[in-house]
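Chemist:
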Amino acid sequence: MFKKFVKKNSDYFYFVFRILIGLLFFLHGYAKVQSGVFSGSSILMVAASVIELVAGLFIVLGLFTRSAAFVAAIEMIFAYFIAHFPNGWSPLANKGEASVLFFAAFLILTAYESRKCALDNLFGK
Numbered sequence: 000m001f002k003k004f005v006k007k008n009s010d011y012f013y014f015v016f017r018i019l020i021g022l023l024f025f026l027h028g029y030a031k032v033q034s035g036v037f038s039g040s041s042i043l044m045v046a047a048s049v050i051e052l053v054a055g056l057f058i059v060l061g062l063f064t065r066s067a068a069f070v071a072a073i074e075m076i077f078a079y080f081i082a083h084f085p086n087g088w089s090p091l092a093n094k095g096e097a098s099v100l101f102f103a104a105f106l107i108l109t110a111y112e113s114r115k116c117a118l119d120n121l122f123g124k
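Heads up, the sequence shown is in numbering that gives the first Met the number 0, so the first residue is 0 and it goes up one at a time.
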């Protein structure tokens, strides 16, 4: 019975997943902007902020979802190896859990695109 329920509603579960990941990623970028990333930060931090804001918003809206998720996944690889890995290999020890989890989520979003309730559906595939 549970298996049937999950299968029947899988698109809605995925929709909630997409919205949560996109919103959290957008908020990461927004927090960087609020902390003054555009005044005196490195070009990498500015680029990361822009990617997080734009990709997060696109993922929430379901617009260019596959492309936005792919770019965001690449950013998370760079974030992990540039900012976290030098402090140790373990994401728990080097505070890189968010980068690894976002990377995994973006792989799923890249593979499955936007599905239901997305602007991508208005423009066709």
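In this text, a Cβ means the ideal position worked out from N, Cα and C, and glycines have one as well.
Predicted model, so just to flag it, every value in this text is computed and none were measured.
Roughly how many angstroms separate the alpha carbons of residue 52 and residue 67, rounded to a whole number?
Modeler: Within the sequence shown, numbered from 1, the residue matching residue 52 stands at position 53. Within the sequence shown, numbered from 1, the residue matching residue 67 stands at position 68. So the alpha carbons of these two residues sit roughly 11 Å apart.
Chemist: As a quick exercise: from 105, 70, 22, 64, pick the residue whose alpha carbon is nearest that of residue 47.
Modeler: Taking the sequence shown and counting its residues from 1, the one referred to as residue 47 is at position 48. Residue 70 is the option with its Cα nearest to residue 47.
Chemist: Count the CB pairs spanning the region 17-25 and the region 80-93 that are closer than 8 Å, and state whether there are at least three.
Modeler: Taking 8 Å as the limit for Cβ pairs, the verdict is that the region 80-93 does not touch the region 17-25.
Chemist: For residue 33 and residue 12, I'd like the C-alpha separation in whole angstroms.
Modeler: As a first step, residue 33 is located in the sequence shown; it is residue number 34 there, counting from the start. As a first step, residue 12 is located in the sequence shown; it is residue number 13 there, counting from the start. Using only the alpha carbons, I get a separation of about 31 Å.
Chemist: Alpha carbon to alpha carbon, what distance is there between residue 0 and residue 30?
Modeler: The sequence position of residue 30 within the sequence shown is 31, counting from 1. The sequence position of residue 0 within the sequence shown is 1, counting from 1. Their backbone Cα atoms lie some 42 Å apart in a straight line.
Chemist: Does DSSP put residue 1 in a helix, in a strand, or in coil?
Modeler: By 1-based counting over the sequence shown, the position of residue 1 is 2. Correct three-state label for residue 1: helix.
Chemist: Going by beta carbon distance, what residues of the same chain come within less than 7 Å of residue 76, once the five residues before and after it are set aside?
Modeler: As a first step, residue 76 must be located in the sequence shown, where it is residue number 77. Only 102 meet the Cβ criterion.
Chemist: Considering Cα atoms alone, identify which of 19, 7, 110 is closest to residue 59.
Modeler: Stepping through the sequence shown from its first residue, residue 59 is reached at position 60. The shortest C-alpha separation from residue 59 is found at 19.
Chemist: Pick helix, strand or coil for residue 115, following the three-state DSSP scheme.
Modeler: Taking the sequence shown and counting its residues from 1, the one referred to as residue 115 is at position 116. Here residue 115 sits in coil by DSSP.
Chemist: Taking DSSP as the reference, what is the three-state secondary structure of residue 37?
Modeler: Against the sequence shown, residue 37 aligns to sequence position 38. Residue 37 falls in the coil class under three-state DSSP.
Chemist: Using the Cα positions of residue 41 and residue 54, report the straight-line distance between them to the nearest angstrom.
Modeler: Against the sequence shown, residue 41 aligns to sequence position 42. Against the sequence shown, residue 54 aligns to sequence position 55. Cα to Cα, the separation comes out at about 20 Å.
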